[in-house]
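Its first residue numbered -8, the sequence shown is counted upward by one per residue in this note's numbering.
Beta carbons are placed, not taken as given, at the ideal position from N, Cα and C, and that holds for glycine.
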Amino acid sequence: MSKKLSVLLSSVMFFALTSASAFAQAEAATASTGGWFGTEKATKYFAYFLALGLAVYGGTQGQSKAAAVALEGIARNPSAADKIQTPMILALALMESLVIFALISTFLV
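Following this line, the structure appears as structure tokens:
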């Protein structure tokens, strides 16, 4: 878990540090390239899709952990399956709704 967290944090820091240099350039330099990749629109799309990727990653990690814990609880005590399954499904639906809200917000860009 520590290695995954360090890779995630280092990649976030890399993108944060490299995007700062893009904002420091003069406006004439970005206009002279004529490309799409130096524009504000490209930066906005990149930020939203990065946020969507992080939301999907967090949602899937949360859903897998919730399902694993619920199934472990059912395996330990099969008679409690009715009491565990309903809150688990509700929690999974709420986690999925957060990912869907992130997806909808990227389409509204």
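Residue range of the unbroken alpha helix (DSSP H) whose run includes residue i
i: Leu99; result: From DSSP, Leu99 is part of no alpha helix (DSSP H); its letter is neither H nor E.
i: Thr30; result: Segment: none, Thr30 is in no alpha helix (DSSP H) and carries neither H nor E.
Length of the line joining the Cα atoms of residue i and residue j
i: Ser(-7); j: Leu0; result: 11 Å
i: Gly50; j: Ala33; result: 25 Å
i: Arg67; j: Val90; result: 31 Å
i: Val3; j: Thr30; result: 21 Å
i: Thr77; j: Ile95; result: 27 Å
i: Leu106; j: Ile75; result: The question about residue 106 has no answer here: the residues shown for the chain are numbered -8 through 100.
i: Phe5; j: Glu63; result: 38 Å
Same chain, Cβ closer than 8 Å to residue i, neighbours up to 5 away in sequence not counted
i: Met79; result: Ala57, Ala58 and Ala61
i: Gln54; result: Leu83, Met86 and Glu87
i: Ala72; result: Ile65
Nearest-angstrom Cβ-Cβ length linking residue i and residue j, presumed shorter than 8 Å
i: Tyr39; j: Thr97; result: 5 Å
Close-in-space but distant-in-sequence residues of the same chain around residue i (CB under 7 Å, 5 per side omitted)
i: Ala42; result: Ala93
6 Å CB neighbourhood of residue i in its chain, flanking five on each side removed
i: Ala46; result: Val90 and Ala93
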